[in-house]
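Residue numbers (UniProt numbering), protein chains in the order written: chain A, 1 to 394; chain B, 1 to 394.
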């Protein structure tokens, strides 16, 4: 009855177990949510104040491509990072999600192939399906913390139909951060082969230790080929504000994105007004947040490494990691956590990793863990996971 | 470089002249905006109060398919209209726009045809292009106020590839409201031929005089075939809130829409919290708004009828009408209004109607006029239009 492309859609691996979680909550079980990248960090007070001081009598449409005030605020943000962005390079979108969906539609034709790294951000699969684009994956491995493969392996995956690659840096779901040298090689290759690069850098603020983040927007030679998709959701803990952006020097892409933006009229007005003050958020907000996440990552890894048979990746960024569990099927175990397990009326929710892989049958025994909770809760989560695995296997 | 489907997108006829308007404003010219359906009616105070009293410290993701509180509020709204909607029939979307885009993707496959009436809501063209769907138009005429054609003419437009029809009732851009008898025939035909009906009823509150509005959701026999797309934008003057919804009894459609909703994570959290109180808006809010618009329509038509050579339709609903101008090319004239005309430093902005037609070369001398201003401003707008036409033709 409905279209086969709609029937073939999958429930998000991040959210598909939510109905089971709701049942568990009704039974009185407390759930530690490690399944979803919903930070518990407070949103900047300047944003919340902006929301509360919305004074208009009519909640009217904002400009389709974003309010001028928000664009100017974003320009200031990018310039502080050393990126020479001007207001005309920007189209404000309804979340990073919309920026991604637009990029797939604009850069590729139906039937084209776009490369990605496996495991990948699961929702790319839906945005690609929406645009009729085939995602083809270059596999990365837990054993080297999901490092960006050499350009040679990427070259091998390119076919006549390949028109681009999407790079998530820092990576969701692996937390890997890609170094300058490898990115530079990749850029050279893409420019030479006329491949677009969708650069999803939503997590750029979340890079730990001595690791340096390098934006694909900083490679001048690739200016016409790089389309940055970005979001306020993670860096300001504003997931529910639904504001993102496309940033590119490619004028055709900006024009097409503006036309798509006009068709859906506008992004939320009230949030745009409040977000146009975010360039005033002091740098120490980010360093504090970063310190907090680094501590959480270290706590989580330490906790996970105590669990017999579990293999854990050591990521440098974002707030996710992939763990390989000593079970046959991680999704079955994730369901077990919600339906059959609890300790002192508590359990933990994880995202099965299989849905993050484009390549079939990979990641079946892996989970993605988001470390968006306080360290005490992460420690307890690891303990719950250890107990549950023992009971599940035992 | 970019995809041809993206290159083929058009700027919205409602917004394409905005750059010219900005230049005119910089010259100090005041513009009466009849180009866009942005009501000047105040948004309900209960919504604005909800925004200002947002108390959470983290602006977190809402549920992908919409907050339970908003769904329950919507159920109350539909029940008050006599429609037996339950919470499971609903998926909250980011504006009616997203509901439409989802419907095109879910109901049709790439290459399928969907019927619409010409002139149509211009943004359907982009949503259809997004989904690879071909819109095919059944023409309606200004001479009978753009009445819904007999089912016979619709039958003639159906081909092997036709999988559905989209009905905008009340119509944007024509303001036509379709009567029970003709809708009933259409429903019979669609059910017999297994055609989906996308029912865009965004303007249901705006129906004037003795005209009765009939929802396609009220035809029980078509429950599996009707997908309602709806929006808070117009009925509560909340265009900038970006909240809409898909409503259908078809479980497959609800499930597919939920999956698409999960991919883009969520609709705006703060607006959902505030909107979940909107069922408390008293009925007299709507009757007051309706009276105001009816007065505006009558004022506008009276003003337009005084202009020599201009032909105006007499719509029963929404807040738009189509007028045929005594010029060869209405878009050229609309540009002239912004670039070369002003009277006492004032001018008027209209939407050229050609972009609302799927059929090429129709509507070239027509404009869509939105009557979203106070009657005094509408009277002045008609005067400006008369002066401008005289100068343009003279």
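Each residue gets a CB set at the ideal place from its N, CA and C atoms; glycine is no exception.
Scanning B:295, B:270, B:310 for the CA closest to the CA of residue 52 of chain B turns up B:270.
Sequence-distant Cβ neighbours of residue 79 of chain B in its own chain, meaning closer than 8 Å and more than five residues away, are 85. Chain order gives no chain B residues near residue 202 of chain A, where near means a beta carbon separation below 9 Å; the closest approach is about 12 Å. Of the residues assessed, residue 283 of chain A falls on the exposed side of the cut-off, its CB having fewer than 16 other CB atoms within 10 angstroms. Around the beta carbon of residue 317 of chain A, 16 or more other beta carbons sit within 10 angstroms, so the residue counts as buried.
Residue 39 of chain B belongs to the set of residues whose beta carbon lies under 9 Å from a beta carbon in chain A. Going by beta carbons, residue 40 of chain A and residue 373 of chain A fall inside the 9 Å limit. For residue 226 of chain A, no alpha helix (DSSP H) segment is defined; the enclosing uninterrupted segment is the beta strand (DSSP E) at 226-231.
DSSP, read as helix, strand or coil, puts residue 82 of chain A in coil. Along the region 6-46 of chain A, the beta strand (DSSP E) occurs as fully enclosed runs of 3 or more residues at 30-33, listed in sequence order. Residue A:76 holds the alpha-carbon nearest to the alpha-carbon of residue 279 of chain A among A:93, A:109, A:76, A:364.
Assigned with DSSP and collapsed to three states, residue 208 of chain A falls in coil, not helix or strand. Identification of chain B residues near residue 71 of chain A by a Cβ-Cβ cut-off of 7 Å yields none; the smallest Cβ-Cβ distance measures about 14 Å. For residue 1 of chain B, the C-beta contacts it makes with chain A under 7 Å involve 252, in order along the chain.
Within the same chain, and ignoring the five residues on either side of residue 355 of chain B in sequence, the residues whose Cβ sits closer than 6 Å to its Cβ are 13, 122. With respect to residue 166 of chain B, residue 6 of chain A sits apart: the two C-beta atoms are not nearer than 9 Å.
Under DSSP, residue 321 of chain B forms a beta bridge with B:369. Within the same chain, and ignoring the five residues on either side of residue 108 of chain A in sequence, the residues whose Cβ sits closer than 7 Å to its Cβ are 114, 131, 133, 163, 164. Under a criterion of Cβ atoms nearer than 7 Å, the residues of chain B adjacent to residue 123 of chain A are, in order, 263. Interface annotation for the region 56-68 of chain B against chain A: 56, 57, 58, 59, 60, 61, 62, 63, 64, criterion Cβ-Cβ distance under 9 Å. For residue 189 of chain A, the enclosing alpha helix (DSSP H) has its first and last residue at 180-193. Per DSSP, the beta bridge partners of residue 166 of chain B are B:198. In the DSSP assignment, residue 389 of chain B falls within the alpha helix (DSSP H) that extends over 375-393. If you ignore the 5 residues before and after residue 191 of chain A, its C-beta comes within less than 8 Å of the C-beta of 221, 222, 225, all in its own chain and listed in chain order. Interface annotation, residue 114 of chain B: not in contact with chain A, CB-CB separation never under 9 Å.
Neighbourhood of residue 205 of chain B in chain A, by CB distance below 9 Å: empty, with the nearest CB roughly 16 Å away. Contacts with chain B at 9 Å (Cβ-Cβ) do not include residue 24 of chain A. DSSP places residue 66 of chain B in the coil class of the three-state scheme, outside both helix and strand. In terms of beta-carbon proximity, residue 6 of chain B lines the interface with chain A, with at least one pair separated by less than 9 Å.
A residue is called buried when at least 16 other Cβ atoms come within 10 angstroms of its Cβ; residue 50 of chain B meets this threshold and is buried. At the C-beta level, residue 148 of chain A and residue 178 of chain A come within 9 Å of one another. Residue 63 of chain A has its alpha-carbon roughly 11 Å from the corresponding atom of residue 71 of chain A. Residue-level contact by beta carbon holds for residue 51 of chain A and chain B, with a gap shorter than 9 Å. Here residue 346 of chain A is near residue 29 of chain A, since their CB atoms are less than 9 Å apart.
Counting the other Cβ atoms within 10 Å of the Cβ of residue 172 of chain B gives 16 or more, which makes it buried. The contact set of residue 93 of chain B on chain A, defined by CB atoms closer than 9 Å, is empty, because the minimum CB distance reaches about 10 Å.
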